[in-house]
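Here is the structure we will look at.
Numbering (my numbering), first residue to last: 12 to 151.
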């Protein structure tokens, strides 16, 4: 299989090849996220019986981290405009990884509502960001 990462960075390449490069890069970053999340799932012990304020504190911490990732995504890197699709793809994977890590923590703490919320936020946010990046490749 040919790698199309160079075509992703070349604005003069055909749109089809740029999108193949985006798919390959996103697939690689999601594979690494899956590896890390699997390790977190296997190594994090169950944490039943924690006080409610600890559970909400952990959820607030992950919410702040997600807000930080969102702020990084909204601030474009003007010095390296050609690397912007790569940066956005990695930040999208980071968004999904943080949200799923928060869902793993919520699951281990026995907080089902947090699992649903963080998984929904992660999947919807990743889907919207990927669609924006996918359709934004065709714009100059």
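Glycine included, each C-beta is placed from N, C-alpha and C at the ideal position.
Own chain, CB closer than 6 Å to residue i, minus 5 neighbours either side, in chain order
i	result
residue 48	111
residue 167	Since the first residue shown for the chain is 12 and the last is 151, residue 167 is missing from the structure and cannot be characterised.
residue 136	106
Endpoints, the alpha helix (DSSP H) within which residue i is located
i	result
residue 137	123 to 147
Which of helix, strand or coil DSSP assigns to residue i
i	result
residue 86	coil
residue 103	helix
residue 55	coil
residue 60	coil
residue 36	helix
residue 22	coil
residue 14	coil
residue 91	coil
residue 120	coil
Contacting residues, own chain, Cβ-Cβ under 7 Å from residue i (five flanking each side not counted)
i	result
residue 109	73, 76, 77 and 80
residue 65	none
residue 44	104, 107 and 108
Selection from the options that minimises the alpha carbon distance to residue i
i	options	result
residue 58	21, 118 and 128	118
residue 92	13, 19, 14 and 12	19
residue 40	71, 104 and 70	104
residue 148	56, 85 and 97	97
residue 144	29, 69 and 63	29
residue 68	150, 27 and 116	116
residue 124	46, 63, 53 and 42	63
Nearest-angstrom Cβ-Cβ length linking residue i and residue j, presumed shorter than 8 Å
i	j	result
residue 12	residue 61	Actually they do not touch by this definition, with Cβ atoms about 46 Å apart.
residue 38	residue 15	Wrong, their Cβ atoms sit about 12 Å apart, outside the cutoff.
residue 36	residue 100	5 Å
residue 133	residue 107	5 Å
residue 88	residue 94	7 Å
residue 22	residue 70	Not quite, the Cβ-Cβ distance comes to about 41 Å (not below 8 Å), so this is no contact.
Neighbourhood of residue i by C-beta, 8 Å cutoff - its chain only, sequence neighbours within 5 removed
i	result
residue 130	110, 111 and 114
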